[in-house]
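Chemist: Structure incoming, see below.
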Amino acid sequence: MLNTALIPPELAPPEAHPALVLNADFRPLSYYPLSLWGWQDAVKAVFLERVNIVSEYERTVRSPSFEMKLPSVVSLKYYVKPALYPAFTRFNLFLRDHFACQYCGAGNELTFDHLIPRAHGGMTRWDNVVAACAPCNLKKGGKMPRDARMWPAQKPYRPTVHELHKNGRAFPPNYLHESWLDYLYWDIELEA
Ligand SMILES: [Zn+2]
């Protein structure tokens with residue numbers, strides 16, 4: 003399950019030690035994508051006193067003047083109001099559509115389809131783009147839905163972060179360090 007579990011911690015490169023970033027309420031700053039900082043940013047934020055260290059890796063970094071364990075979980079000292087709407091990204095769009103073609107339900111060869119084609123003025127936005135498998139996308143081509151006689155299973159819409167969280171329970175990231183699990187809901191899925 004944990005990719006670095008087989009590598010002795012002192013040998014693992016520091017690059018392999020991202021820190022999970024929590025808001026001041028100890029919830030992840032974001033889920034999609036999961037709020038992770040590289041170890042340099044995490045260490046810098048500790049020194050700038052912007053974050054508290056919640057959990058640490060065994061791996062240490064040294065300089066002539068100091069030595070510290072790399073943080074695996076940090077929390078912001080000041081609460082940041084979380085975004086209501088997620089970023090319009092490939093992953094988030096597929097997540098909204100449950101990684102299924104909106105025309106036939108297929109789960110592979112997923113691409114994007116513009117409901118109103120771009121040539122007809124359709125915008126690349128949440129409310130005009132749906133997940134579609136390559137064959138359906140090809141079949142619909144540049145046609146309007148009524149001309150292609152193809153309608154998506156659900157009308158595309160801009161989801162809230164909360165709605166994506168609900169869908170996301172089935173799609174945890176590939177890698178979750180054990181020290182993160184107390185702060186993420188995916189642990190429930192991993193135990194099942
Ligand atoms: Zn399809």
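Here the sequence shown is numbered in my numbering, starting from 3 and rising by one per residue.
Where a beta carbon is used, it is the ideal one built from N, C-alpha and C, also for glycine.
Remember, predicted model here, so these are calculated numbers, not experimental data.
1) If you measure from each CB to the nearest heavy atom of ligand 1 and keep those under 5 angstroms, what residues do you get, in chain order?
2) Classify Q156 as buried or exposed, calling it buried when 16 or more other Cβ atoms lie within 10 Å of its own Cβ.
3) Below 8 angstroms, can you find three or more Cβ-Cβ pairs linking the region 17-27 to the region 73-93?
4) So is E191 buried or exposed if we call it buried at 16+ other beta carbons inside 10 Å?
5) Apart from the five residues just before and just after A108, which ones in its own chain have a Cβ nearer than 6 angstroms to its Cβ?
6) Under three-state DSSP, which class holds F114?
7) From R195 to K168, what does the alpha carbon distance come to, in whole angstroms?
8) Starting from C135, follow its DSSP beta bridges and name the residues at the other end.
9) Would the region 67-74 count as touching the region 115-133 if we require 3 or more Cβ pairs under 8 angstroms?
10) Is it true that the CB of V131 sits closer than 8 angstroms to the CB of P174?
Modeler: Reading off the structure:
1) C103, Y105, C106, A108, C135, C138
2) exposed
3) yes
4) Any reading at E191 must be qualified, since the residue scores a pLDDT of 49, below 50, and its modelled position is unreliable; the value itself is stated next. E191 should be labelled exposed.
5) C135
6) strand
7) A query on residue 195 cannot be resolved here, the shown segment of the chain reaching from 3 to 194 and no further.
8) L112
9) no
10) no
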